[in-house]
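Those protein sequence lines, which keep their order, are chains L and V.
Under the working numbering, the first residue of the first sequence carries the number -4, and numbering increases by one thereafter.
Under the working numbering, the first residue of the second sequence carries the number -4, and numbering increases by one thereafter.
Built from N, CA and C at the ideal position, the CB exists for glycine as well.
Number of protein chains: 2
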Amino acid sequence: MAVASSVHDAVRLRLAGADQRYTTQRRRLVEILGRSGRPITMPEILEAATGLTQSSAYRNITVLSEVGVVERIAGPDDYGRFELAEAFAGHHHHLVCEECGTVEDLRASPNLERVLGELTRLAAAEQGYVVTEHRLELRGRCAACAGN
Amino acid sequence: MAVASSVHDAVRLRLAGADQRYTTQRRRLVEILGRSGRPITMPEILEAATGLTQSSAYRNITVLSEVGVVERIAGPDDYGRFELAEAFAGHHHHLVCEECGTVEDLRASPNLERVLGELTRLAAAEQGYVVTEHRLELRGRCAACAGN
DNA sequence: CTTTCTGCAAACGATTTGCAGCAGC
DNA sequence: GCTGCTGCAAATCGTTTGCAGAAAG
C-alpha cells in the first residue's frame, strides 16, 4: 500500500516553507514510515530500503521532525522509533510489547477519544497545565508473544 | 517530606530476594526519588545528593529497576528519567512540558481511569494484546511556562 | 571473612557533525 | 549556477563495564 500523493504534496509544502528540498531520500523515508503502520527504528528503516546512508537518514529524519512531518518516540530499548506525525498518520495510541519490544498502533473510537480528551484537559488544568496532545501507552504482550 | 520507613523495608526485602544489599547509596537514591514526586534525570539525582558517583548511581538505578523498585521512562530530551515504581509511588500519569521539558506526575480521577480501562479492553480484543499496564502521557505547557 | 559494592577510568553505541563533492530547483 | 544535500569518517555524549580496594552481612 503506497503513500497517497496528497501526503507527498503536503510534505513538500512543509519542507518548502523551511527552505528545504523534497529529495529522493526524504521521499523514500516518508514512504517507508507511511507504509509501516507502526513506529520503526533506524535499523528497520535502513533495512527497509537499501541505498540509505545512516547519517543522512538521521539527518533527514531530524529535518522531517522539525517541519512536523515525523515524530520520534522512545521505545523500550536504546533505539528511537519514528513515525509519521498525527497530521499525516491520524490520531492513535501505542501498544508496547514487553517481551519483543515491538510498538504497534492502536486507533480508538471517536467516542472514547472525546471523553479522554475532556477528562485529560480537566485533570491537567488542576495543575495549571495547558494540554496540547495526549498519547496513551499500553504495555503488555503482543499477539505473537502472548501465544508462547 | 521523608520517605516512609515501610518503603525502605519493602525495598530491602526486594533486594534481599535477589541477593542484593541495601547500601547507603541505594537508600539515598530511594530517598531522592521518593521525595521528588516526579521523574528526574541523572544530573538531577547527582545534584540532589553530593557523594554519589555517576557510574555507581547508574549501576544502582539499574539494580533497583531489576527488582521492581525503580522505573525508567524516556523524556523529551536525551536523558532518561527515573521514578519509584507504581507499587511504591502509586498509579499515576505524566505531564510533559513541551517548552521546558519537565515531567510532572498526574493522578487521574476514577472517571478517567475507567475510560482508560475501556481503551485497554478494546486493544486487547482487537489486536490480541494482553495488556498489563497503561500509562498516559499529556503534552503541553506547564503552569510556569504557560504563564509566559 | 566472603561476597557484593564502590570509584576510577576506559569502553560502548546510538546519534551528530565537519567537510568535500553531488543534486534539486 | 547557487544552495542545500549526501557520504564518509571522526566526534559527541548518555550510559555501561573492568578492575582493585572498601563495606555489608
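By Cβ distance below 8 angstroms, which residues in the same chain neighbour V:Arg102 in space, the five residues on each side in sequence not counted? Gly85, His86, His87, His88, listed in sequence order.
Just the Cα atoms here: how many angstroms apart are L:Ala80 and L:Gly29? Taking the Cα positions, L:Ala80 is about 10 angstroms away from L:Gly29.
Going by beta-carbon coordinates alone, are L:Ala119 and V:Ser104 separated by less than 8 angstroms? Result no, Cβ atoms of L:Ala119 and V:Ser104 do not sit closer than 8 angstroms.
Out of curiosity, what's the CA-to-CA distance linking L:Arg16 and V:Cys137? Whole-angstrom Cα-Cα distance: 35 angstroms.
Note down, in chain order, each residue of its chain lying with its Cβ closer than 8 angstroms to the Cβ of L:Gln49, except the 5 sequence neighbours on either side. Met37, Leu41, listed in sequence order.
Continuous alpha helix (DSSP H) stretch holding L:Cys140: start and end: 138 to 141 is the extent of the alpha helix (DSSP H) around L:Cys140.
Just by C-beta distance, which residues in the segment 3 to 36 of chain L are closer than 9 angstroms to chain V? Going along the segment 3 to 36 of chain L in chain order, one finds no residue with a Cβ nearer than 9 angstroms to chain V.
Let me know the secondary structure DSSP gives L:Leu47 once reduced to three states. Of the three classes helix, strand and coil, the one that applies to L:Leu47 here is coil, per DSSP.
Does any residue of chain L bring its CB to less than 8 angstroms from the CB of V:Glu144? The requested residue 144 of chain V is not part of the displayed model; chain V covers only -4 to 143.
Taking 8 angstroms as the threshold (beta carbon to beta carbon), is L:Arg134 in contact with chain V? Against chain V, the CB of L:Arg134 has a partner CB under 8 angstroms away; the residue lies at that interface.
Option nearest L:Val25 by Cα separation, candidates L:Asp4, L:Val110, L:Glu94, L:Asp72: Of L:Asp4, L:Val110, L:Glu94, L:Asp72, the smallest CA-CA separation from L:Val25 is found for L:Asp4.
Ordered along the chain, which non-local residues of its own chain (more than five positions away) have a Cβ less than 6 angstroms from that of V:Arg7? The residues Tyr17, in chain order, have a CB closer than 6 angstroms to that of V:Arg7 in the same chain once the five nearest residues on each side in sequence are set aside.
Pop quiz: V:Gly63 and V:Ala82 are said to be a contact at Cβ under 8 angstroms. What is the actual Cβ separation, rounded to whole angstroms? Contact between V:Gly63 and V:Ala82 holds: CB atoms are separated by about 7 angstroms, below the 8 angstroms threshold.
Runs of beta strand (DSSP E) wholly within the segment 72 to 123 of chain V (minimum 3 residues, chain order): Runs of the beta strand (DSSP E) inside the segment 72 to 123 of chain V: 75 to 79, 88 to 92, 98 to 101.
When you measure from the CB of L:Pro34 to every non-hydrogen atom of the ligand FMN, does any distance come out below 7 angstroms? Inclusion of the ligand FMN in the displayed structure is not the case, the ligand content being empty and no account of it being possible.
Can you list, in chain order, the residues of its chain with a C-beta nearer than 6 angstroms to that of L:Gly135? Leave out the 5 residues immediately preceding and following it. Excluding its 5 nearest sequence neighbours in each direction, L:Gly135 has no C-beta neighbour in its own chain below 6 angstroms.
Starting from the beta carbon of L:Ala107, find every residue of chain V whose beta carbon is closer than 7 angstroms, and list them in chain order. Checking the displayed sequence, the identity of residue 107 of chain L turns out to be Leu instead of Ala. The contact set of L:Leu107 on chain V, defined by CB atoms closer than 7 angstroms, consists of Val110, Glu113, Leu114 in chain order.
Per DSSP, cross-strand counterpart(s) of V:Ile35: Beta-bridge partners assigned by DSSP to V:Ile35: V:Phe77.
So, are the CB atoms of L:Val125 and V:Ala139 less than 8 angstroms apart? Between L:Val125 and V:Ala139, the gap from beta carbon to beta carbon reaches 8 angstroms or more.
Between the segment 118 to 132 of chain L and chain V, which residues of the former have CB atoms less than 8 angstroms from a CB of the latter, in chain order? When C-beta distances to chain V are compared with 8 angstroms, the residues of the segment 118 to 132 of chain L below that value are Ala118, Ala119, Gln122, Gly123, Tyr124, Val125, Val126, Thr127, Glu128, His129, Arg130, Leu131, Glu132, in chain order.
Compare the C-beta of V:Ser60 with all C-beta atoms of chain L and state if any pair is closer than 8 angstroms. For V:Ser60, the answer is no, since every Cβ of chain L falls outside 8 angstroms of its Cβ.
Residue nearest to V:Leu22 in terms of C-alpha spacing, selected from V:Glu128, V:Asp14, V:Asn55, V:Leu131: According to the sequence shown, residue 22 of chain V is Arg rather than Leu. Among V:Glu128, V:Asp14, V:Asn55, V:Leu131, the Cα nearest to that of V:Arg22 belongs to V:Asn55.
Using a threshold of 8 angstroms, state whether the C-beta atoms of L:Ala69 and V:Ala69 are closer than that. Yes.
Is the distance from the Cβ of L:Leu114 to the Cβ of V:Thr115 below 8 angstroms? Against a cut-off of 8 angstroms, the Cβ pair of V:Thr115 and L:Leu114 comes out as no contact.
What residues in its chain sit with their C-beta under 7 angstroms from that of L:Gln122, if we drop five residues either side in the sequence? Hits under 7 angstroms: none found.
Helix, strand or coil for L:Glu65? Go by DSSP, reduced to three states. Before going further, note that residue 65 of chain L is Val rather than Glu in the sequence given. Note: L:Val65 maps to strand in three-state DSSP.
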